[in-house]
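Student: For the sequence shown, UniProt numbering puts the final residue at 596, and the numbers step up evenly by one.
Even for Gly, the Cβ is constructed at its ideal location relative to N, Cα and C.
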Amino acid sequence: MEELMNRISGKSIEYPGCMQDIKELIGGTSKDNYYYCIVYILLLKEQIINIPETERDRTEFEDVFRRLKVHAKTIAGEEWGSMIDNSTYTIYKEEKSEENRVEILINLVIETLIRTSTADMERQVDAYLQEEINDPRTETKTQKNVSQDVIEEILCNLTKLSDRDVKGQVGIVTPLLSEEHIPIILKYLKSLSKVILLSLYLNNKPVYDALQKEFIRKESSNDLIALVDFPEIDIDGLLSRLYKSSSVFKTLDIIIKTRLIHRDKIVSTVIEYIKTGSRTKSIHFIRENLECFLGIIPEIGLGCEEVLLLAERNKVLLNHAFKMMAEIKSEMKDKKRKPVNSQKKEKRLSNLISALASELSNGTDTEIVNFIVPSHEIDADMLSKVCIGLFKAKQPSDTVKEVLSELVTEDTTTSFVFTVMPYLKDVQKYKLMGKYLVDDVSLSLFTRIIKKPEDIFIYAHTLDTDTGNRIIQLCFTKPEIFTDRILSVAIEEMSKMEVLPILFMETVRNSLKLFSNMKPFLVNLIKREWSRLFRNNQNELIILLESIGMPATEILLSIDEDHFMIILNESHTLKKRMTEYLIKHRCIYRISIRHS
């Protein structure tokens, strides 16, 4: 609005600009700032408007001016009604008539000099000038010298009147005030602030400016809050007080919220002030007015703890805090830049991660996702630490889980994968085994995440041969986890598959080596699944039968004669055992006959 007022301060106004200004004024004023309409109407009365000489343009301008008057009467008090109704404007033709009147005056003076005496001439000029002075467009108010006692008595009496009566009378008083009355005005300013300040601003601007300057200079920092009642604020004068007392922040807090025109200047001043002034109060002020500073937080030079404090109001700042933490971590890893007090740095970083996770847990699903995705690109390892604290405080929603499932398929780190794996679907957990189950540590983590060890063992048999064999061998190194019962369950489940896994026979053989007590179970399994085992891999089956020992003869005696002969022809060991078995049982048969 101040810019709009400045545009009308010229001697003449162009028609299109004036039309636009009036429409902007109608749309931008209300009961809270109605005085802009009053000032504009008063200033418009003193200007010359250059309207094109067409009936349409004049009618259109008259309609807009009428709308301005109706709007002003609606939002202003009743005391302004008469002034608004009588308000007018001057068009360009009247300017020409002014020039003609000057020419008439010059001609009159010349004629008077020739025809009349000096006394008569003075009377003629005075008469014309008196007419000019009475012209409302050129009328000026002369300052009357009123004693301070009288002014104080008047102001004192005004404080005793109702608000309505004060508004009606204050316009008579303010033109009488001068700079010598400022101490008295300050005395009664608290009681008459809004009314007398607006009237001074409209009717006695020099005294208004001097009053504000003295008010800023003299009043205590706590009392400066009354400055918000001034129609036009000397923001530079107020900001200069900030370096003397940080209490000025209370006043600035109101101004930055209600007077948007001063926002940029306040922001730039606070950014400079924070370098040398009260940092705590500056951070508090920024926090309370974060929307004004949000876009420039990275440029202010705040510490990570301070950014986390501000993030309580807007979770977007957590992304900036994470970047700062990544820089701290980078400094700690860089041997050339590694700080002397590295232990303190590590503890600080740990505390920052905990604080960030705690703050993030208060956010919405959207805020959490908007933090996780960009942070994963910056430092997935550090993000995993944040997620540990975050998911401890708040279980991830389905939306967050979906984002996590996408991130683990990208280029990421092992720590991040194992951090988020408990929250993934089982199918995806199994898919991650091939890449991330590589050693004892990862096996231990997988067995914690996948509750049934036999599921890990079974899924390993569905992977490619090299990967599956690596995982299976790791499982065999943990007999305390993959017990004979677990292996028996897994082998039984795999035997029910339509197609036996390639590594099935090797697994059965290694299980027997690890747990000899599994022999009866395996003998029954081989008998039951003989046809498939024989058809798929005779060599592996023969090796398995050889490893079973003498119970293999029981299996051989239960199979088809054709298969029996093939096995004996292929395996000298099994043939020898079978011969020994038959000889032994024939002797036993003979002995039993003798005894009978």
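1) For Ala393, does the count of other Cβ atoms within 10 angstroms reach 16, so buried, or fall short, so exposed?
2) Considering only C-alpha positions, which residue in the set Ser488, Leu43 and Trp530 is nearest to Ser511?
3) Looking only at its chain, what residues have a beta carbon closer than 6 angstroms to the beta carbon of Leu407, apart from the 5 residues adjacent to it on each side?
4) Where does Asn50 sit, in a helix, a strand or coil, going by DSSP?
5) Hey, could you find the ends of the alpha helix (DSSP H) Thr366 is sitting in?
6) Where does Glu480 sit, in a helix, a strand or coil, going by DSSP?
7) Going by C-alpha distance, which of Ile182, Phe61 and Thr280 is nearest Leu309?
8) Here's a check: name, in chain order, each residue in its chain whose Cβ is nearer than 6 angstroms to the Cβ of Glu570, leaving out the five neighbours to either side.
9) Can you give me the C-alpha to C-alpha distance between Ile22 and Ala76, rounded to a whole angstrom?
10) Once you ignore the five residues that flank Thr419 on each side, which residues in its own chain have a CB closer than 7 angstroms to its CB?
11) Distance check for Phe249 and Gly27, CA to CA, integer angstroms please.
12) Give the DSSP-derived three-state secondary structure of Glu132 in the structure shown.
13) For the alpha helix (DSSP H) that Ala355 lies in, which residues bound it at each end?
14) Applying the criterion that 16 or more other CB atoms from any shown protein chain within 10 Å of the CB defines a buried residue, is Cys475 buried or exposed?
15) Flag this pair as yes or no: are the beta carbons of Leu186 and Glu153 separated by less than 8 angstroms?
16) Can you find the residues in the same chain that come closer than 8 angstroms, C-beta to C-beta, to Lys96, ignoring five residues on each side of it along the sequence?
17) If you follow the alpha helix (DSSP H) that Lys329 is in, where does it begin and where does it stop?
18) Would you report the Cα separation of Phe515 and Leu574, rounded to the nearest angstrom?
19) Given Val373, which residues of its chain have a CB within under 8 angstroms of its CB, disregarding the five upstream and five downstream residues?
20) Name the two residues that bound the continuous alpha helix (DSSP H) containing Met565.
21) By how many angstroms is the C-alpha of Thr409 removed from the C-alpha of Ile225?
22) Extract the residue ranges of the alpha helix (DSSP H) inside the segment 254–324, only unbroken runs of 4 or more that lie entirely within it.
23) I'd like to confirm the pairing. Which residues does DSSP put opposite Glu14 in its beta bridges?
24) Less than 8 angstroms between the C-beta atoms of Leu200 and Leu155, yes or no?
25) State the start and end residues of the unbroken alpha helix (DSSP H) segment that holds Gly81.
26) Since Ile75 is in the alpha helix (DSSP H), which residue starts that stretch and which ends it?
27) What number of angstroms, rounded off, separates the C-alpha of Leu42 from the C-alpha of Ser87?
28) Name the two residues that bound the continuous alpha helix (DSSP H) containing Asp398.
29) What's the gap between the Cα of Ala321 and the Cα of Cys18?
30) Counting along the chain, where does the alpha helix (DSSP H) carrying Thr447 start and finish?
31) Which of the three DSSP states is assigned to Thr90 in this structure?
32) Under three-state DSSP, which class holds Ile502?
Tutor: The short version:
1) Here residue 393 is taken as the residue at index 393 of the sequence shown, counted from 1. Classification for Ala393: exposed.
2) Taking the first residue of the sequence shown as 1, we reach residue 511 at position 511. The option with the nearest alpha carbon to Ser511 is Ser488.
3) Mapped onto the sequence shown, residue 407 falls at position 407. Non-local beta-carbon contacts of Leu407 in its own chain, meaning distances under 6 angstroms to residues more than five positions away in sequence, involve His376 in chain order.
4) On the sequence shown, position 50 is the one that residue 50 refers to. Residue state, collapsed to three classes: strand.
5) Position 366 of the sequence shown holds residue 366. Annotation for Thr366: the continuous alpha helix (DSSP H) segment containing it runs Asp365 to Ile378.
6) Indexing the sequence shown from 1 puts residue 480 at position 480. Assigned with DSSP and collapsed to three states, Glu480 falls in coil, not helix or strand.
7) Along the sequence shown, one-based indexing puts residue 309 at 309. Minimum Cα distance to Leu309 is reached at Thr280.
8) By 1-based counting over the sequence shown, the position of residue 570 is 570. In the same chain as Glu570, and ignoring 5 residues on each side of it, the C-beta atoms closer than 6 angstroms to its own belong to Ile542, in chain order.
9) Taking the first residue of the sequence shown as 1, we reach residue 22 at position 22. Taking the first residue of the sequence shown as 1, we reach residue 76 at position 76. Their backbone Cα atoms lie some 16 angstroms apart in a straight line.
10) Reading the sequence shown from its first residue, position 419 is the one you call residue 419. For Thr419, where only same-chain residues beyond five positions count, the Cβ hits under 7 angstroms are Ser384, Cys387 and Ile388.
11) Here residue 27 refers to the residue found at position 27 of the sequence shown. Here residue 249 refers to the residue found at position 249 of the sequence shown. The C-alpha of Phe249 is placed about 31 angstroms away from the C-alpha of Gly27.
12) Residue mapping note: residue 132 aligns to position 132 of the sequence shown, counting from 1. Per-residue confidence for Glu132 stands at a pLDDT of 47, beneath the threshold of 50, marking its modelled position as unreliable; the derived number appears in the next sentence. Looking at Glu132 - three-state DSSP - the assignment turns out to be helix.
13) Taking the sequence shown and counting its residues from 1, the one referred to as residue 355 is at position 355. Taken as a continuous stretch (DSSP letters only), the alpha helix (DSSP H) holding Ala355 covers Ser342 to Leu360.
14) Counted from its first residue, the sequence shown places residue 475 at position 475. Taking a 10 Å sphere around the C-beta of Cys475, we find 16 or more other C-beta atoms and assign the residue as buried.
15) Your numbering for residue 186 matches position 186 in the sequence shown. Your numbering for residue 153 matches position 153 in the sequence shown. The beta carbons of Leu186 and Glu153 sit no closer together than 8 angstroms.
16) Numbered from its first residue, the sequence shown carries residue 96 at position 96. With a pLDDT of only 43 at Lys96, under 50, the local geometry of the prediction cannot be trusted, and no value is derived from it.
17) Taking the sequence shown and counting its residues from 1, one reaches residue 329 at position 329. According to the DSSP assignment, Lys329 belongs to the alpha helix (DSSP H) that extends over Leu317 to Lys333.
18) On the sequence shown, position 515 is the one that residue 515 refers to. On the sequence shown, position 574 is the one that residue 574 refers to. Cα to Cα, the separation comes out at about 22 angstroms.
19) Taking the first residue of the sequence shown as 1, we reach residue 373 at position 373. Correct list, in chain order: Val403 and Leu407.
20) In the sequence shown, the residue the question calls residue 565 occupies position 565. Unbroken alpha helix (DSSP H) run through Met565: Glu561 to Glu570.
21) As a working mapping, residue 225 is identified with position 225 in the sequence shown. As a working mapping, residue 409 is identified with position 409 in the sequence shown. Near 57 angstroms, if we compare the C-alpha coordinates of Thr409 and Ile225.
22) Qualifying alpha helix (DSSP H) stretches, in chain order: 263–273, 279–288, 290–293, 297–300 and 304–310.
23) Within the sequence shown, the letter at position 14 stands for residue 14. According to DSSP, Glu14 bridges with Asn50.
24) Start at 1 with the first residue of the sequence shown, and residue 200 comes out as number 200. Start at 1 with the first residue of the sequence shown, and residue 155 comes out as number 155. Inclusion of Leu200 and Leu155 in the CB contact set at 8 angstroms is not warranted, their separation being larger than that value.
25) In the sequence shown, counting from the first residue as 1, residue 81 sits at position 81. Run containing Gly81: Gly81 to Asp85, per the alpha helix (DSSP H) assignment.
26) In the sequence shown, residue 75 corresponds to position 75, counting from 1. From DSSP, the alpha helix (DSSP H) with Ile75 extends over Glu55 to Ile75.
27) Residue numbering aside, residue 42 sits at position 42 when the sequence shown is read from its first letter. Residue numbering aside, residue 87 sits at position 87 when the sequence shown is read from its first letter. Distance between the alpha carbons of Leu42 and Ser87: 8 angstroms.
28) Counting from 1 along the sequence shown, the entry for residue 398 is found at position 398. Per DSSP, Asp398 belongs to the alpha helix (DSSP H) from Asp398 to Leu407.
29) Here residue 321 is taken as the residue at index 321 of the sequence shown, counted from 1. Here residue 18 is taken as the residue at index 18 of the sequence shown, counted from 1. Straight across, the Cα-Cα distance linking Ala321 with Cys18 is about 49 angstroms.
30) Taking the sequence shown and counting its residues from 1, one reaches residue 447 at position 447. Annotation for Thr447: the continuous alpha helix (DSSP H) segment containing it runs Asp440 to Ile449.
31) Position 90 of the sequence shown, counting from 1, holds the residue named residue 90. Secondary structure of Thr90 (DSSP, three-state): strand.
32) For the purposes of this step, residue 502 is taken as the residue at position 502 of the sequence shown. Correct three-state label for Ile502: coil.
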